[in-house]
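See structure below.
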Amino acid sequence: MTHHSTRHFSDAPSADGLWTGVNLHDAGSSGSCAIAVQDGRVAWVGTEAAVPPAFAAMPRQDAKGALVTPGLVDCHTHLVYGGQRAHEFAMRLAGASYEEVARAGGGIVSSVRATREAGEDELFDAASARLASLLAEGVCAIEIKSGYGLALEHERKQLRVARRLGEAHGVTVRTTFLGAHALPPEYTGRSSDYIDLVCEQMLPALAAEELVDAVDVFCERIAFSLEETERVFKAAKALGLPVKLHAEQLSDMDGAALAARYGALSCDHIEHLSHKGIDAMREAGTVAVLLPGAYYTLRDTQLPPIDALRAAGVPMAVSTDHNPGTSPALSLLLMVNMACTLFRLTVPEAIAGVTQHAARALGLQDTHGRIEAGMPANFVLWNLKDAAELAYWFGQRPVRAVVRQGRIAEGAL
Ligand code: DI6
Ligand code: FE
C-alpha cells in the first residue's frame, strides 16, 4: 500500500501528542528520538530517554522507527498556469532548441495565452491536482510565482489562485510576482514600456492587495536586460518587498551580482554563474537555488558551479522549478536524486537543499525547514531506514505520513 490520497485538510486529525520511535535525520546522536507536538507546534525534540515529564504524559503516537525529516520546502515553482506544452517537448525532440521554440511564438507566451483564457476556478483545479502530488511526497511549504498573465488582471488571477491553494490545502504558500517573465505580445518592441507598467502599475496594485511576498525577474537574453531587472528591483525595494532572480540560466548576464546588491533572498538556475556572482551572493547571504529538472529537460550541459559555491559556503537549495515549459516535474524527491546524480551534491547537501536552505530562500527559516521547539509542526515520516535512501530511490513514493501545519495531513501510521 503506497498510495495515499490527500485528505481534505480541515478534516485532518491533529498531530498533538508525543511522537516516539522517531529515527531523526540529523539528530547528531544515536538512539530513538521523540517529538512533542502541542497546539500544532513542536514543543520539544530530543532523545526518548530525555523526554521531560510534562511531555511524557501526553497521548502517544508511535513512529515505529520511521526515518523523520523536516517537512520539505519547494522554493521555486510556476505551479499556476493554463494548458500544457507537451507539443513543444515534441518539437524539441525533432531538433528545435528552447530558444528557437520561444522565438517561434511558443514558449512562455503560449502558456500566457492559455492562462489568460482560463477562469480562476479552472486554474485552481489544475494547480490543485499538481499541488496534491507535491504534498503527498512531503512538501509543507511552497513558493508559487505569477508570470503567465503578464497583465494586471491575469497576474492577479494567478496570485489569487496561489493564495487559495494555500488555504484549501493547509500548506504554507509564498507568492512571488514575476510580471517580468516575458514580454507580452501586445508590447512587442516596447520592452521598456512594459517594464514601466510592471513597476508603476502592476506591482504596486498587487502589493496593495497583499498578493505579493517577493518579486522575481527573468534576466536573460530572451527575456529582460540587467538594466530592466534593476528597475523592477527598485520598485520592489520602494514597497519593502524582497527580491529573487532567475539568473545566468542560459548565459552570464551578471544578474546574480545585481540581485545580491539588492539583498536577494535567492538566485536561481545559475548554470553560468561567475566567481564574481558567487562572491556577491556570499557577501549578501543569498541562497543558490539549483533546478536540476530544467537542466535535465533542456539537456543542458553547463553545470552550475557547485564546487565553487560549496567552497564559498553559499547555501544551496534544490527545487522542482515546476513549469510547463522546462520542468514539468511533480516530485521534489526526484530533484533530490538529480541534484546528487547530475550536480554531484552530497546526500546531506541535497536534503538540506529541500529543507533548511529552501526555507531560507523564501525567508521562512524561522518557521520551516527544521524540527525545532517553537516552530509549527511540519515533518515527514518515511518508510525508509537510511537518509541516503531519500536520494537513492527514484520514482518511489516512500512517504508513510506527513505532519503539516500541526495536522496529520497525509498517510497513516
Ligand atoms: N526559466 C525557466 O526555466 C522557466 N521560466 C524561467 O524564467 C521557463 C518557463 C516556461 O518555459 O514556461
Ligand atoms: Fe523558474
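Residue numbering for the sequence shown is 1 to 413, as defined by the numbering used here.
Using N, Cα and C, we set each Cβ at its ideal position, and we do this for glycine too.
Selected residue, minimal CA-CA separation from residue i, among the options
i       : options                               : result
Glu-153 : His-181, Leu-72 and Glu-120           : Glu-120
Gly-83  : Pro-70, Ala-43 and Ala-127            : Ala-127
Lys-234 : Val-109, Ala-259, Met-253 and Glu-220 : Ala-259
Cys-33  : Ala-43, Ala-57 and Val-68             : Val-68
Ala-284 : Ala-361, Glu-137 and Ala-329          : Ala-361
Gln-38  : Ser-14, Ala-247, Gly-46 and Glu-48    : Ser-14
Val-80  : Pro-53, Leu-178 and Glu-228           : Leu-178
Ala-236 : Ala-377, Cys-199 and Ala-208          : Cys-199
Gly-313 : Ser-319, Glu-349 and Met-338          : Glu-349
Tyr-392 : Ile-408, Gln-365, Thr-341 and Ile-371 : Thr-341
Ala-387 : Ala-162, Phe-343, Leu-333 and Gly-411 : Leu-333
Gly-149 : Asp-74, Ala-104, Gly-40 and Leu-206   : Leu-206
Ser-319 : Thr-326, Ala-102, Ser-192 and Pro-292 : Pro-292
Ala-257 : Leu-250, Arg-282, Glu-167 and Arg-116 : Arg-282
Val-45  : Ile-35, Asp-366 and Ala-54            : Ile-35
His-25  : Arg-404, Ala-409 and Leu-384          : Leu-384
Leu-303 : Phe-89, Leu-241 and Phe-343           : Phe-343
Arg-261 : Ser-251, Pro-242 and Gln-158          : Pro-242
Gly-31  : Phe-55, Ala-66 and His-8              : Ala-66
Ile-195 : Ile-278, Cys-219, Arg-160 and Val-347 : Cys-219
C-alpha distance - residue i paired with residue j, whole-angstrom precision
i       : j       : result
Ala-182 : Lys-244 : 16 Å
Glu-122 : Ala-223 : 28 Å
Arg-156 : Leu-211 : 8 Å
Tyr-435 : Val-336 : Outside the shown range of the chain (1 to 413) lies residue 435, about which nothing can therefore be said.
Ser-146 : Leu-203 : 11 Å
Pro-328 : Leu-18  : 38 Å
Glu-389 : Ala-358 : 20 Å
Met-253 : Glu-228 : 12 Å
His-3   : Arg-130 : Unreliable positioning characterises His-3 in this predicted model, as indicated by a pLDDT of 40, which lies under 50. The coordinate reading is nonetheless provided below. Their backbone Cα atoms lie some 15 Å apart in a straight line.
Asp-412 : Leu-330 : Asp is not the amino acid found at residue 412; the sequence shown has Ala there. Rounded to whole angstroms, Ala-412 to Leu-330 spans 22 Å at the Cα level.
Leu-345 : Glu-186 : 43 Å
Glu-72  : Ala-114 : The question names Glu, but residue 72 is Leu in the sequence shown. Their backbone Cα atoms lie some 30 Å apart in a straight line.
Ala-57  : Cys-75  : 37 Å
Met-91  : Arg-397 : 31 Å
Val-217 : His-246 : 6 Å
Leu-134 : Ile-142 : 9 Å
Glu-100 : His-322 : 21 Å
Gln-201 : Ser-192 : 14 Å
His-272 : Ala-409 : 39 Å
Val-42  : Ala-373 : 5 Å
Ile-306 : Arg-299 : 18 Å
For residue i, the three-state DSSP class (helix, strand or coil)
i       : result
Gly-71  : coil
Met-375 : coil
Thr-77  : strand
Gln-396 : coil
Met-1   : Residue confidence for Met-1 is low, a pLDDT of 34 falling below 50, so the modelled location carries little weight; the figure read from the coordinates is stated next. The answer is coil: DSSP assigns Met-1 none of H, G, I, E or B.
Ser-14  : strand
Gly-293 : helix
Phe-233 : helix
Arg-41  : strand
His-322 : strand
Met-253 : coil
Ala-151 : coil
Gly-406 : coil
Asp-125 : helix
Gln-201 : helix
Leu-159 : helix
Paired residues, beta bridge with residue i - DSSP
i       : result
Lys-145 : Thr-176
Cys-267 : Leu-245 and Ala-288
Thr-20  : Asp-62
Ala-34  : Gly-46
Ala-411 : Sequence check: residue 411 is Gly here, not Ala. Gly-411 is bridged to Ala-401.
Leu-381 : Val-68 and Ala-401
Cys-219 : Phe-224
Ser-331 : Answer by DSSP bridge pairing: none, since Ser-331 is not bridged.
Ala-214 : Thr-176
Val-139 : Leu-72
Ala-317 : Val-289
Cβ-heavy atom distance, residue i to ligand 1, below 7 Å
i       : result
Gly-255 : no
Phe-343 : no
Gln-249 : yes
Ala-294 : yes
Ser-111 : yes
Phe-218 : yes
Ile-195 : no
Ile-460 : The question about residue 460 has no answer here: the residues shown for the chain are numbered 1 through 413.
Proximity test, residue i beta-carbon vs ligand 4 heavy atom, cut-off 7 Å
i       : result
Pro-328 : Judged by which ligands are present, ligand 4 is missing from the structure shown, whose ligands are ligand 1 and ligand 2.
beta-carbon residue i near ligand 2 non-hydrogen atom, thresh 7 Å
i       : result
Asp-321 : yes
His-76  : yes
His-272 : no
His-246 : yes
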